[in-house]
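> Here you go, one structure.
In the numbering used here, the protein residues as written are 2 to 173.
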């Protein structure tokens, strides 16, 4: 649960606005509508491949001329996998040179990781759709963030943070 704030639709910075525009454009280009139940289908459309590796705790991305491979921990639940993969898509669009020569990218830089996380939140939970679900799942000034998370197939903390970044929710 999270408390609904009155800041409404204001974004916290120009960077957030830009990330919103990028994710919206990607969803439009690839005709991605509604909540994404399994991000693997999006990776397939992008010409990528998902590899689950239960021997790693990290996400790795391999970008080469014939596609993208995203390696994620194999033991995570679907909602966590969706966020890992959405972050992978964010990294591909924000930081990789897609036509690089088999270069494995290091995604440990804190600022890059923050931007990738914001991208993933926006990609999985488009602003206008998030607001509709938030309004439907709010009683008084308390939002049922578990139901919001279930709707978008993401972890509850991701649904909460999306609302916080959009200025709709505040943690208490």
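Backbone N, C-alpha and C define an ideal beta-carbon position, used for all residues, glycine too.
Given a cut-off of 8 Å on the beta-carbon distance, is the pair residue 113 and residue 96 in contact?
Yes, these two residues count as a Cβ contact at 8 Å.
> Please classify residue 31 as buried or exposed, where buried requires at least 16 other C-beta atoms within 10 Å of its C-beta.
It counts as exposed.
> Between the stretch 69-76 and the stretch 44-56, do at least 3 Cβ pairs fall closer than 8 Å?
Touching, yes.
> Within a Cβ cutoff of 7 Å, which residues of the same chain sit near residue 36, ignoring the five residues on either side of it in sequence?
Excluding sequence neighbours, residue 36 sits near 152, 153, 154.
> Compute the minimum distance between the beta carbon of residue 19 and the heavy atoms of the ligand ATP, and state whether it is under 7 Å.
This structure simply doesn't include the ligand ATP, nor any ligand for that matter.
> Taking a contact to mean a Cβ-Cβ separation below 8 Å, would you say residue 53 touches residue 23 in this structure?
No. Outside cutoff.
> Can you give the Cα-Cα distance for residue 55 and residue 77, rounded to whole angstroms?
The alpha-carbon atoms of residue 55 and residue 77 are separated by roughly 9 Å.
> How long is the line joining the alpha carbons of residue 157 and residue 110, rounded to whole angstroms?
Going by the C-alpha atoms only, they are around 25 Å apart.
> Does chain C have any CB closer than 8 Å to the CB of residue 153?
Note that chain C does not occur in the displayed structure, where there is just one protein chain.
> On a Cα-Cα basis, can you pick out the residue from 81, 128, 84 that is closest to residue 25?
Among 81, 128, 84, the Cα nearest to that of residue 25 belongs to 128.
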